[in-house]
Amino acid sequence: MVDEDPWYAPLLPPPAQVIPRTGKPLWEFRQEHVTWSAVLRFHGESYGWETMILRDGELKIAQRFVLRAESPLCCHAPIPRSPESA
4 MVDEDPWYAP LLPPPAQVIP RTGKPLWEFR QEHVTWSAVL RFHGESYGWE TMILRDGELK
64 IAQRFVLRAE SPLCCHAPIP RSPESA
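Add 3 to a position in the sequence shown, counting from 1, and you land on the number used in the working numbering.
Set out below in C-alpha cells:
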C-alpha cells in the first residue's frame, strides 16, 4: 500500500502546464461579429499534419493528413486537370 500513489497529497507539486503548439495560420476572416480562421499544425512523423477550422478561437472542425500535400487547404500548386474536363 505504501508504494501506491496517494489519492490525497496536498504537498505534491502541481503537474506541468501543457504549452499549446502554435500552427501556421492559413486564412482568417470576420463576418457578423464572428472570426473564422484556419490553422495548419505538424504533430510529428507518426501523426502527421492537422488542419483546424476555428470559430472565435474555438475548434469547430479538424482533419488529419499523413502528408502535407494531402491537405486541401495548404496545397499551393494548382490542381491538375484531366484533358477530358477541359
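Ideal placement from N, C-alpha and C gives every residue a C-beta, glycine not left out.
These numbers come from a predicted model, not from an experiment.
Query: 9 Å Cβ cutoff met for ILE22 and ALA41; Result: no
Query: Cβ neighbour criterion (16 or more within 10 Å) applied to TRP52; Result: buried
Query: Cβ-heavy atom distance, GLU53 to the ligand FAD, below 8 Å; Result: The ligand FAD is not part of the structure shown, which contains no ligands of any sort.
Query: Close-in-space but distant-in-sequence residues of the same chain around ASP59 (CB under 8 Å, 5 per side omitted); Result: VAL37 and THR38
Query: DSSP bridge partner residues for LYS27 (one or two, in chain order); Result: LEU43
Query: Contacts around PHE68, its chain only, beta-carbon distance under 8 Å, and the 5 residues preceding and following it disregarded; Result: GLY51, TRP52, GLU53, THR54 and SER74
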